[in-house]
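Enquirer: Attaching a single structure in structure tokens format; questions to follow.
Residue numbers (our numbering), protein chains in the order written: chain A, 946 to 1217; chain B, 43 to 232.
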């Protein structure tokens, strides 16, 4: 059994619950006798199980405040909408409720609006805002335990990533991905590093690969950052699709994705 | 400082030192394996007391074999200890309470949790508690139903009015968040 199998197949969880078959159980036990990383993971799961059982009453009796989270995006969306309204009302022929444009402007470039003629071109910086990306946080494992070749390369890459050397992280991530193409964390950070290094095409490939791997802790973020990659390439419809997929997962990025969706739709609605 | 678990290469060197008669290496060996052995036995038997008793026996047998140079592949000393643990546990199930006290030595490091291990366990529990407190309550509930009740995503989805896909995604994210938080905090903890 490998570390990747342990993570991918939810082995620790099944082991704790006594749901593994004899063969898989024996394989995992032998693995954690030899692998410091997976044994530490097992300990953390055991601690979590104990803590959940201890606080069961508190967890069950406290109502989930989903409605707060569900509508948390609303104030931000309202601000964006108002700003957009003011912004567009100052733009000849494109204001909300204003007169229709005489001719549609050329598609807005991502990087510069300097070549767009003498009329105001606020759409370009707006698209730049949409394409802006913040690096997702990476919490490095503290363990010194045995690591497989893909993990060794991944850790080398993430050392660079944490120093914001995103371009430098790409090569070791590619190597890690070649060794273990089914590791979602490797595919995801390969995509994100490419995106942060200004390579949206390669970013989209890696993030699509992350999504194609199915359920993982990186699925929601992969959809979200894939949308960003599409925005950078000017593919707004595909970006909207990815943001909608992010929202459907109803995770931590839901509020942010709803605001982003509103922005993308507003951007798309502006004739150019 | 939490116990740092060693890589196989380092464990092999510890095993070599035991074979060569270095008594201090035995403490390191026990520190590396006693928790794994106790975890293994308690997972198989769900009996913490038995885990301590058999854990002691497993450590003694493993150390004795290492001292006598009976372990051929020192690079896989972890696999050797696991094999020993399985054999002793199977023997225990077969013979049930056979008195093996003559084979036990009392001057070896205990397989019961040391004060340091107990402190580390409390520290880990505190970190997990803090991480759990930061989760959305509904995510905590999904984890509770998964890791304590043993419910499947479909069952949880039906109870919470969500889809299975959403439950799987949220469970996965919540676990990731807890593990990352514990990892981050344990690096900064005094």
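Think of the CB as a built atom: it goes at the ideal place given N, C-alpha and C, for glycine as much as any other residue.
Computed from a prediction, not measured in an experiment: that's the story for all the values here.
1) Mind checking the segment 79-96 of chain B against chain A and listing, in chain order, the residues whose C-beta falls within less than 8 Å of any C-beta there?
2) Would residue 992/A pass as a contact of residue 170/B if the rule is Cβ separation under 8 Å?
3) Would you please verify whether the beta carbon of residue 1005/A is less than 8 Å from any beta carbon of chain B?
4) Quick one: does residue 1012/A have its CB under 8 Å from some CB of chain B?
5) In whole angstroms, what separates the C-alpha of residue 966/A from that of residue 960/A?
6) Give me the chain A residues within the contact set of residue 174/B, using Cβ-Cβ distance strictly less than 8 Å, ordered along the chain.
7) Would residue 167/B pass as an interface residue toward chain A - the criterion being a Cβ-Cβ separation below 8 Å?
8) Residue 118/B and residue 979/A look like a contact to me (Cβ under 8 Å); what is the Cβ gap, rounded to whole Å?
9) Is the segment 60-76 of chain B close to the segment 99-113 of chain B, with three or more CB pairs under 8 Å?
10) In chain A, what lies closer than 9 Å to residue 189/B by C-beta?
11) For residue 164/B, go through chain A and note every residue whose CB falls closer than 7 Å to its CB, in chain order.
12) Just reading off the alpha helix (DSSP H) that residue 1094/A is part of, what are its end residues?
13) Answer yes or no: does any C-beta atom of chain A fall closer than 8 Å to that of residue 224/B?
14) Alpha carbon to alpha carbon, how far is residue 982/A from residue 1118/A?
15) Since residue 99/B is in the alpha helix (DSSP H), which residue starts that stretch and which ends it?
16) Hey, is residue 131/B's beta-carbon within less than 8 Å of any beta-carbon in chain A?
17) Just confirm the distance between the C-beta atoms of residue 1209/A and residue 1192/A, as a whole number of angstroms; I'd bet it's less than 8 Å.
18) Going by other Cβ atoms of all chains shown within 10 Å of its Cβ, with 16 needed for buried, is residue 164/B buried or exposed?
19) Buried or exposed for residue 1144/A, please, with buried defined as at least 16 other CB atoms from any protein chain shown within 10 angstroms of its CB.
20) Check whether the segment 172-188 of chain B touches the segment 1118-1127 of chain A, taking contact to mean three or more Cβ pairs, one atom from each stretch, closer than 8 Å.
21) Tell me which residue opens and which closes the alpha helix (DSSP H) that residue 979/A is part of.
22) From the beta carbon of residue 1195/A, is the nearest beta carbon of chain B less than 8 Å away?
23) Roughly how many whole angstroms lie between the Cα atoms of residue 186/B and residue 1149/A?
24) The alpha helix (DSSP H) with residue 1176/A in it runs from where to where?
25) Determine the direct distance from the alpha carbon of residue 1172/A to that of residue 1104/A, and round the result to whole angstroms.
26) Mind reading off the beta-carbon distance from residue 182/B to residue 1004/A? Whole number of angstroms is fine, and I expect it under 8 Å.
27) Whose C-beta lies closer than 6 Å to the C-beta of residue 1070/A among residues of the same chain, with five residues either side of it excluded?
28) In angstroms with no decimal places, state the Cα-to-Cα distance between residue 83/B and residue 1141/A.
29) Under a three-way DSSP split, which group does residue 1161/A fall into?
30) Are there 16 or more other CB atoms within 10 angstroms of the CB of residue 1211/A, so buried, or fewer, so exposed?
31) If you measure beta-carbon to beta-carbon, which residues of the segment 1162-1187 of chain A are closer than 7 Å to chain B?
32) When the Cα atoms are used, what is the spatial distance from residue 218/B to residue 984/A?
33) Any Cβ of chain B within less than 8 Å of the Cβ of residue 987/A?
34) Does DSSP put residue 84/B in a helix, a strand or coil?
35) According to DSSP, simplified to helix, strand and coil, what is residue 1126/A?
36) Restricting to Cα atoms, I'd like to know which of 1165/A, 1164/A, 1108/A, 1160/A is closest to residue 1138/A.
Expert: Reading off the structure:
1) Residues are counted here when their Cβ sits less than 8 Å from a Cβ of chain A; for the segment 79-96 of chain B these are 81, 82, 85, given in chain order.
2) The beta carbons of residue 992/A and residue 170/B sit closer together than 8 Å.
3) For residue 1005/A, the answer is yes, since a Cβ of chain B falls inside 8 Å of its Cβ.
4) Confidence in residue 1012/A is poor, its pLDDT being 42 and thus under 50, which makes the residue's placement too unreliable to answer from.
5) When only Cα atoms are considered, residue 966/A and residue 960/A end up about 9 Å apart.
6) Residues of chain A with a Cβ closer than 8 Å to the Cβ of residue 174/B are, in chain order, 993, 996, 997, 1000.
7) Cβ-Cβ to chain A under 8 Å: yes for residue 167/B.
8) Right, their Cβ atoms sit about 7 Å apart.
9) Segment contact: the segment 60-76 of chain B against the segment 99-113 of chain B, three or more CB-CB distances shorter than 8 Å; contact assigned.
10) Annotation: Cβ neighbours of residue 189/B in chain A (cutoff 9 Å, chain order): 958, 961, 962, 990, 993, 994, 997, 998.
11) Chain A residues near residue 164/B: none, gap ~10 Å exceeds 7 Å.
12) Here the alpha helix (DSSP H) through residue 1094/A covers 1094-1107.
13) At least one beta carbon of chain A lies nearer than 8 Å to the beta carbon of residue 224/B.
14) Distance between the alpha carbons of residue 982/A and residue 1118/A is about 20 Å.
15) From DSSP, the alpha helix (DSSP H) with residue 99/B extends over 90-109.
16) So no, residue 131/B is outside the interface.
17) Their Cβ separation, rounded to whole angstroms, is 12 Å, which puts residue 1209/A and residue 1192/A out of contact at 8 Å.
18) Result: exposed.
19) Answer is buried; the Cβ neighbour count reaches 16.
20) Output reads no: the segment 1118-1127 of chain A does not touch the segment 172-188 of chain B.
21) Looking at the DSSP string, the run of the alpha helix (DSSP H) that includes residue 979/A is 967-979.
22) Residue 1195/A counts as touching chain B.
23) Approximately 35 Å between the Cα atoms of the pair.
24) Per DSSP, residue 1176/A belongs to the alpha helix (DSSP H) from 1164-1177.
25) Looking at the two C-alpha atoms, the distance is approximately 26 Å.
26) Correct: roughly 5 Å between the Cβ atoms.
27) With a pLDDT of 42 at residue 1070/A, under the threshold of 50, the modelled position of this residue cannot be trusted; read the value that follows with caution. Once the five neighbours on either side are set aside, residue 1070/A has no close Cβ partner at all.
28) Each residue's alpha carbon lies about 47 Å from the other.
29) For residue 1161/A, the secondary structure class from DSSP, reduced to helix, strand or coil, is coil.
30) Counting Cβ neighbours within 10 Å, residue 1211/A comes out buried, since at least 16 surround it.
31) Flagged, chain order: 1162, 1164, 1165.
32) Approximately 16 Å between the Cα atoms of the pair.
33) Chain B contact via Cβ: present.
34) Helix at residue 84/B.
35) Note: residue 1126/A maps to coil in three-state DSSP.
36) Residue 1138/A has its Cα closest to that of 1108/A, out of 1165/A, 1164/A, 1108/A, 1160/A.
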